[in-house]
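Mind the numbering: the sequence shown is residues 55 to 418 in our numbering, read in order.
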Amino acid sequence: MGRKGNKKVLVAMSGGVDSSVAAALLKDWGYEVVGVTMQIWPREIDDEGNEKTCCSLSAVEDARRVAEILDIPHYVMNFRSEFENKVIRNFIDEYLQGRTPNPCVVCNRRIKFETFLLRAKMLGMEFIATGHYALVKFDSERKRFLLCKAVDKDKDQSYVLYGLTQEQMSRTIFPLGEYTKEQVREIARELGLPVSEKPESQEICFVTDNNYRRFIKERADSQIKPGPFLDKKGNVLGQHDGIPFYTIGQRKGLGLALGYPVYVIDIDVEKNAVIVGKREDVFHREFIVRDNNFIPFDELKEELRVKVKVRYKTPEAPATIYPLGKDRVKVVFDEPHWAITPGQAAVYYDGDIVVGGGTIEKRV
55 MGRKGNKKVL
65 VAMSGGVDSS
75 VAAALLKDWG
85 YEVVGVTMQI
95 WPREIDDEGN
105 EKTCCSLSAV
115 EDARRVAEIL
125 DIPHYVMNFR
135 SEFENKVIRN
145 FIDEYLQGRT
155 PNPCVVCNRR
165 IKFETFLLRA
175 KMLGMEFIAT
185 GHYALVKFDS
195 ERKRFLLCKA
205 VDKDKDQSYV
215 LYGLTQEQMS
225 RTIFPLGEYT
235 KEQVREIARE
245 LGLPVSEKPE
255 SQEICFVTDN
265 NYRRFIKERA
275 DSQIKPGPFL
285 DKKGNVLGQH
295 DGIPFYTIGQ
305 RKGLGLALGY
315 PVYVIDIDVE
325 KNAVIVGKRE
335 DVFHREFIVR
345 DNNFIPFDEL
355 KEELRVKVKV
365 RYKTPEAPAT
375 IYPLGKDRVK
385 VVFDEPHWAI
395 TPGQAAVYYD
405 GDIVVGGGTI
415 EKRV
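This is how it looks when you write it as structure tokens:
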């Protein structure tokens, strides 16, 4: 990998095929590998015993079995308190403020590449590694680490990793960045790993039934109040169940019978109102992004042409970004874009290189 150090690496093993093969590759490359499974959920979620999620009790056992086959040490570390304070509380608070968070971005930024890295340093490990599909490269001219898209563009996860700092990238290895998912599964089959055909884990790992509404209601019911559905002119069209249950672009589940389709186009927290409109009202070109992290440079000092991705599953689109101070940026898409949603990540690309990203604050 061309990195100086003692070649000890702490691998985050979720019990899935990706992190298992990441550990196997690192061992094959000559690293001294130690596997760790992070216990991150409150006990009541663990007790639900959902088999589809990473880091569940069954996932711990899968990781342990893989570690035995690879003949590497395996440990379980408790990150429950950190995960509750940094990820779950943020998830709930964002929804209560009418925003739609991306907990994977927060988990990567605050747990996997912050808290987990600190634990690795305490154990005398030079590097950490995960099963993410992304690449870290060193640019000798700029003397900076760069985050780049994975070879497998369908599985690329650079979008949720934009928050990595230079220090974190200098200590992080993504072994799967140059492999396709099918190649990873084939390696797992060749090694006889029991997780070779294991399905993908679900999108929000701690919402075990994929019902985020239930999850928020159980934890913040007293803070959720019904309120009005309004049109753009302020006319009351009906009553909603609480602003955490709605997101920009939503059409289904509104319970409005107006004779024509309407979509959520805005959420007004001050009025506890959900604003609805026609499909064309969901498209916007300009928006503000806060808490930016730039990777090839420290600060955006002038306008820059990039491609911008505003949701994990949507393709990036051409845009210009303008600096609004050290941590804020205005993004202007060339063409109107669907459902630009406060709380989601906006990530800027120059080809395969991640220029940076931040959290969508508001549309302009």
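The beta-carbon is built from N, C-alpha and C at its ideal position, and this holds for glycine as well. The structure presented is a predicted model; accordingly, all values stated were derived computationally and were not measured.
Residues near residue i by beta carbon distance below 6 Å, same chain, minus five either side
{"i": "Gly292", "result": "Phe283, Leu310"}
{"i": "Thr234", "result": "Asp206"}
{"i": "Ile407", "result": "Leu200, Cys202"}
{"i": "Val159", "result": "Val214, Ala399"}
{"i": "Asp320", "result": "Ile329"}
Counted within 10 angstroms of its Cβ, other Cβ atoms place residue i as buried (16 or more) or exposed
{"i": "Ile142", "result": "buried"}
{"i": "Pro280", "result": "exposed"}
{"i": "Pro396", "result": "buried"}
{"i": "Ser276", "result": "exposed"}
{"i": "Leu172", "result": "exposed"}
{"i": "Phe228", "result": "buried"}
{"i": "Lys175", "result": "exposed"}
{"i": "Asp193", "result": "exposed"}
{"i": "Phe351", "result": "exposed"}
{"i": "Gly84", "result": "exposed"}
{"i": "Arg305", "result": "exposed"}
{"i": "Asn346", "result": "buried"}
Per DSSP, the bridge partner or partners of residue i
{"i": "Val177", "result": "First, the residue type needs correcting, since residue 177 is Leu and not Val in the sequence shown. None; Leu177 has no bridge partner."}
{"i": "Thr154", "result": "Bridge partners of Thr154: none, in fact."}
{"i": "Ile407", "result": "Cys202, Asp404"}
{"i": "Phe387", "result": "Ala373"}
{"i": "Thr169", "result": "Its beta-bridge partners do not exist; DSSP assigns none."}
{"i": "Pro282", "result": "Gln293"}
{"i": "Glu340", "result": "Val386"}
{"i": "Met131", "result": "Met92"}
{"i": "Leu189", "result": "Cys202"}
{"i": "Asn347", "result": "Gly411"}
{"i": "Ile182", "result": "Leu64, Thr226"}
{"i": "Ala327", "result": "Asp322"}
Reduced DSSP secondary structure (H/G/I, E/B, other) of residue i
{"i": "Glu240", "result": "helix"}
{"i": "Met67", "result": "coil"}
{"i": "Asn289", "result": "coil"}
{"i": "Val114", "result": "helix"}
{"i": "Gly231", "result": "helix"}
{"i": "Lys332", "result": "coil"}
{"i": "Arg273", "result": "helix"}
{"i": "Tyr85", "result": "coil"}
{"i": "Gly103", "result": "Because Gly103 carries a pLDDT of 49, less than 50, the predicted location of this residue cannot be relied on, and the following value inherits that uncertainty. Gly103: coil per DSSP, three-state reduction."}
{"i": "Lys361", "result": "strand"}
{"i": "Lys355", "result": "coil"}
{"i": "Ile414", "result": "strand"}
{"i": "Val160", "result": "helix"}
{"i": "Trp149", "result": "In the sequence on display, residue 149 carries Tyr and not Trp. In this structure, Tyr149 counts as helix in the three-state DSSP scheme."}
{"i": "Phe299", "result": "helix"}
{"i": "Val318", "result": "strand"}
{"i": "Ala393", "result": "coil"}
{"i": "Ala78", "result": "helix"}
{"i": "Ala311", "result": "coil"}
{"i": "Glu122", "result": "helix"}
Own chain residues within Cβ distance below 7 Å of residue i, not counting five before or after
{"i": "Met223", "result": "Val190, Phe199, Leu201"}
{"i": "Arg134", "result": "Gln93, Ile94, Trp95, Pro96"}
{"i": "Phe145", "result": "Pro155, Pro157"}
{"i": "Tyr402", "result": "Val360, Val362, Ile375, Val409, Gly410, Gly411"}
{"i": "Glu124", "result": "It is Leu, not Glu, that sits at residue 124 in the sequence shown. Around Leu124: Ala77, Ala78, Lys81."}
{"i": "Arg118", "result": "His128"}
{"i": "Asn162", "result": "Val214, Leu215, Gly217"}
{"i": "Asp285", "result": "Leu291, Val330, Gly331"}
{"i": "Lys380", "result": "Glu353"}
{"i": "Tyr266", "result": "Ile258"}
{"i": "Asp295", "result": "Pro280"}
{"i": "Ile270", "result": "Ile146, Tyr149, Pro298"}
{"i": "Asp72", "result": "Gly185, Leu230, Val238"}
{"i": "Glu415", "result": "Ile342, Val343, Arg344, Pro396"}
{"i": "Val261", "result": "Phe269"}
{"i": "Glu370", "result": "Lys361, Val362, Lys363, Tyr403"}
Distance cut-off 7 Å: residue i Cβ against heavy atoms of the ligand NAD
{"i": "Trp95", "result": "Summarising the ligand content, the structure contains no ligands, and the ligand NAD is consequently not present."}
Same chain only: Cβ atoms within 8 Å of residue i, ignoring 5 sequence neighbours per side
{"i": "Glu357", "result": "Thr374, Ile375, Tyr376, Pro377"}
{"i": "Lys209", "result": "Tyr187, Thr234, Lys235"}
{"i": "His391", "result": "Phe337, His338, Arg339, Val364, Ala371"}
Give a yes or no on contact between the segment 383–400 and the segment 320–340, applying the rule of three or more CB pairs nearer than 8 Å.
-> yes
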